[in-house]
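Residue numbers for the sequence shown follow this note's numbering, so the first one is 1 and each next one is one higher. Below is one structure, written out as structure tokens; comments come after it.
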Amino acid sequence: MTKNTPFDGKMFVFTAPSGAGKTTIVRHLLKTFDFLDFSVSATTRKKRPKEKNGKDYYFLSVDEFNDLKRRRKFVEWEEVYDDQYYGTLKSEVSRLWELKKHIVFDIDVRGARDIKRKYRENCLAIFVKPPNLEIHIERLKNRKTESEDSLKKRISRIKREMRYEKKFDRVLVNDDLQTALTNAEKLITEFLENAESDDREN
Ligand code: ADP
Ligand code: 5GP
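See the structure below:
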């Protein structure tokens, strides 16, 4: 990109059922590539002990979330679990593109489809997949972030959400972590290289 070329912002959407490894992979990519930044979602779920407001999520009350919904401030939003809302704010997308960053998302399968439909060739949607269901559930349990009730809800959604696998641009298998991280880096660099060569041809 030359100095006078307008910034052509891209999006990398990582999606999967809970516990598949999205957060682990996204954190690695943010550390590796300084041209990427994270889309901080709004949510009504409770903050986990290590999370920071404005960094991991914008933690909102249901009233605050509904107010933003009513004022059409979301690119997409979902009730991912009963009474737990999550959404991508329009202001977050414009904020990051103004900073000339390509945006990384960690969102559920339905939200990911909405973003892909809206941003099409500017978006690479990647479905993260553990080697099998047993290992997937084991990882979610070992993370020790969920109550018994929340764990049950999340496990019951895994099978349903795995059916979305074919709806995305790429599937990233997360078996050996180092291999998955390397493959994730490749997906990012290849997409940006192809986008740049398309720009040169047009
Ligand atoms: P998600 O963001 O999709 O809910 P996380 O990134 O929180 O998933 O990963 C779930 C748990 O599995 C975490 O405790 C994480 O450290 C662990 N984990 C992620 N990838 C691997 C892997 N390839 N091998 C072993 N453990 C993993
Ligand atoms: P967690 O509570 O584990 O942080 O996230 C639960 C689920 O909500 C995950 O699948 C996560 O990807 C998804 N999620 C997080 N932010 C958003 C968002 O802005 N929109 C949508 N649709 N899902 C989100």
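Just so it is clear, CB atoms sit at the ideal spot from N, CA and C, and this is done for glycine as well. All values reported here derive from a predicted model rather than from experimental measurement.
Asked                                                                                                                                     : Found
Could you give the C-beta distance for VAL62 and THR88, rounded to a whole number, given that I count them as a contact under 8 Å?        : Their Cβ separation, rounded to whole angstroms, is 18 Å, which puts VAL62 and THR88 out of contact at 8 Å.
If you reduce the DSSP assignment to three classes, tell me which class ALA16 lands in.                                                   : coil
Cβ-heavy atom distance between ASN202 and ligand 1 below 7 Å?                                                                             : no
Please state whether the Cβ-Cβ distance between GLY54 and GLU76 is less than 8 Å.                                                         : no
Below 8 Å on the Cβ atoms is my guess for VAL171 versus LYS129; work out the distance and round it to an integer in Å.                    : 6 Å
Using a threshold of 8 Å, state whether the C-beta atoms of ILE103 and ASP37 are closer than that.                                        : yes
Is it buried or exposed, ASP67, if we count other Cβ atoms within 10 angstroms and call 16 or more buried?                                : exposed
With distances taken between CB atoms, is the gap from LYS141 to LEU133 smaller than 8 Å?                                                 : no
Here's the rule I'm using: 16 or more other beta-carbon atoms within 10 Å means buried, otherwise exposed. How should ARG163 be labelled? : exposed
How many whole angstroms separate the CB atoms of TYR86 and GLU78, which I take to be in contact at a CB cut-off of 8 Å?                  : 6 Å
I'd like to check one pair, PHE14 with ILE126: are the Cβ atoms closer than 8 Å?                                                          : yes
Quick check: what's the CA-CA separation for SER215 versus LYS186?                                                                        : Shown here, the chain extends from 1 to 202; a query on residue 215 therefore has no answer.
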